[in-house]
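> First to last, the sequence lines map onto chains A and B.
The working numbering puts the first sequence at residues 1 to 112.
The working numbering puts the second sequence at residues 1001 to 1115.
We put the CB at the ideal spot given by N, CA and C, even for glycine.
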Amino acid sequence: KQEVTQIPAALSVPEGENLVLNCSFTDSAIYNLQWFRQDPGKGLTSLLLIQSSQREQTSGRLNASLDKSSGRSTLYIAASQPGDSATYLCAQYRGNTGKLIFGQGTTLQVKP
Amino acid sequence: NAGVMQNPRHLVRRRGQEARLRCSPMKGHSHVYWYRQLPEEGLKFMVYLQKENIIDESGMPKERFSAEFPKEGPSILRIQQVVRGDSAAYFCASSQPGISGNTIYFGEGSWLTVV
């Protein structure tokens, strides 16, 4: 059974700190992996998509890496800001479709 | 280019009533997915549809739930005889065919409350 696990479940940091969110998956035959952000009562905002042939993707202060051999992905957030407070979800694509296996998420709070 | 549109955003139903949730995919997208987010649980895949075809419904509850994506009009997720355990956020997503290199896009969700 494919599973995606995110650690930690919750994280609270002071503003300005660099932080790493972790995602691990059991199926090494990964296709693509995607990181999303979800604000309370809102939908999902796509942050970064890493294709299976790639090792990392960067967008602004965000960097996501993918290590298929160890079954891990990390999301690095540089110089965190209070506006980064949200739940971050990683999701593994199951084949060449939009059927995703989601982790439980990491809820991040950045304190001013 | 409008995103994935879902309506209603919030829906309240009494136990035993029917709930219909609608989803219009992004322009040019012919594949639709429904996901459910139960309180304190993660997002779970429910069903994958193309126009007039159900491709994968492995995540759909066996009873009371159905989905369609007609040739014309939005995709509909239908829940008959709702129970309190159906209270959740239901998200629709859409994609182009052959998703390699392409992401899927999610709507803002429909929040169903069963009282």
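Please confirm if D1086 of chain B has its CB atom under 8 Å from at least one CB of chain A.
Counted from its first residue, the second sequence places residue 1086 of chain B at position 86. No, its Cβ sits nowhere closer than 8 Å to a Cβ of chain A.
> Determine the direct distance from the alpha carbon of A78 of chain A to that of D1086 of chain B, and round the result to whole angstroms.
Translated into positions along the second sequence, residue 1086 of chain B becomes position 86. Translated into positions along the first sequence, residue 78 of chain A becomes position 78. Using only the alpha carbons, I get a separation of about 39 Å.
> Return the CA-CA distance between V13 of chain A and Q1006 of chain B, expressed in angstroms with no decimal places.
In the first sequence, the residue the question calls residue 13 of chain A occupies position 13. In the second sequence, the residue the question calls residue 1006 of chain B occupies position 6. Approximately 34 Å, taken between the alpha carbons.
> Under a Cβ-count criterion, where at least 16 other Cβ atoms within 10 Å of its own Cβ denotes burial, should S1110 of chain B be classed as buried or exposed?
The sequence position of residue 1110 of chain B within the second sequence is 110, counting from 1. S1110 of chain B comes out buried.
> Measuring straight from C-alpha to C-alpha, what distance separates A64 of chain A and G105 of chain A?
Taking the first sequence and counting its residues from 1, the one referred to as residue 64 of chain A is at position 64. Taking the first sequence and counting its residues from 1, the one referred to as residue 105 of chain A is at position 105. One C-alpha to the other measures close to 15 Å.
> Name, please, each residue of chain A whose Cβ falls closer than 8 Å to the Cβ of G1107 of chain B.
As a first step, residue 1107 of chain B is located in the second sequence; it is residue number 107 there, counting from the start. What G1107 of chain B touches in chain A: G43.
> Would you check if there are 3 or more beta carbon pairs closer than 8 Å linking the segment 1038-1056 of chain B to the segment 84-99 of chain A?
yes
> Start and end of the beta strand (DSSP E) containing N1007 of chain B?
Indexing the second sequence from 1 puts residue 1007 of chain B at position 7. It spans M1005 to N1007 - the beta strand (DSSP E) in which N1007 of chain B sits, taken as one unbroken run.
> In chain order, what residues of the same chain lie with their CB nearer than 6 Å to the CB of A10 of chain A, ignoring the 5 residues before and after it?
For the purposes of this step, residue 10 of chain A is taken as the residue at position 10 of the first sequence. The residues are T107.
> Can you give the Cα-Cα distance for Q1037 of chain B and L44 of chain A, rounded to whole angstroms?
Your numbering for residue 1037 of chain B matches position 37 in the second sequence. Your numbering for residue 44 of chain A matches position 44 in the first sequence. Their backbone Cα atoms lie some 11 Å apart in a straight line.
> Using only the alpha-carbon positions, how far apart do V1004 of chain B and Q57 of chain A sit?
Start at 1 with the first residue of the second sequence, and residue 1004 of chain B comes out as number 4. Start at 1 with the first residue of the first sequence, and residue 57 of chain A comes out as number 57. Between V1004 of chain B and Q57 of chain A, the C-alpha separation is close to 24 Å.
> In the DSSP output, which residue or residues are listed as bridge partners for R1013 of chain B?
As a working mapping, residue 1013 of chain B is identified with position 13 in the second sequence. Answer by DSSP bridge pairing, in chain order: B:V1114.
> Is the shortest distance between the beta-carbon of F102 of chain A and the beta-carbons of chain B less than 8 Å?
Reading the first sequence from its first residue, position 102 is the one you call residue 102 of chain A. So, interface residue.
> Taking 8 Å as the threshold (beta carbon to beta carbon), is F1065 of chain B in contact with chain A?
The residue labelled residue 1065 of chain B in the question sits at position 65 within the second sequence. Not an interface residue.
> Looking at the unbroken beta strand (DSSP E) that takes in P14 of chain A, where does it start and where does it end?
Taking the first residue of the first sequence as position 1, residue 14 of chain A is located at position 14. Element bounds for P14 of chain A: A10 to P14.
> Assign Q8 of chain A to buried or exposed, taking buried as 16 or more other Cβ atoms, counted over all protein chains shown, within 10 Å of its Cβ.
Walking along the first sequence from the start, residue 8 of chain A turns up at place 8. What sits at residue 8 of chain A in the sequence shown is Pro, not Gln. Classification for P8 of chain A: exposed.
> For a test of the three-state rule: what should DSSP assign to D84 of chain A, helix, strand or coil?
As a first step, residue 84 of chain A is located in the first sequence; it is residue number 84 there, counting from the start. Of the three classes helix, strand and coil, the one that applies to D84 of chain A here is helix, per DSSP.
> So what does DSSP say about D27 of chain A, is it helix, strand or coil?
Mapped onto the first sequence, residue 27 of chain A falls at position 27. Here D27 of chain A sits in coil by DSSP.
> Report back the beta-carbon spacing between G1016 of chain B and Q1081 of chain B to the nearest angstrom; my notes put them in contact at under 8 Å.
Within the second sequence, residue 1016 of chain B is the residue found at index 16, counting from 1. Within the second sequence, residue 1081 of chain B is the residue found at index 81, counting from 1. Indeed, because the Cβ distance is near 5 Å, the residues count as touching under 8 Å.
> Determine whether the Cβ of Y1090 of chain B lies closer than 8 Å to any Cβ atom of chain A.
Here residue 1090 of chain B refers to the residue found at position 90 of the second sequence. Not closer than 8 Å to any Cβ of chain A, the Cβ of Y1090 of chain B fails to qualify, so no.
> Pull up the DSSP beta-bridge partners for S106 of chain A, would you.
The residue labelled residue 106 of chain A in the question sits at position 106 within the first sequence. Note on identity: in this sequence residue 106 of chain A is Thr, with Ser being the wrong assignment. Per DSSP, A:Y88.
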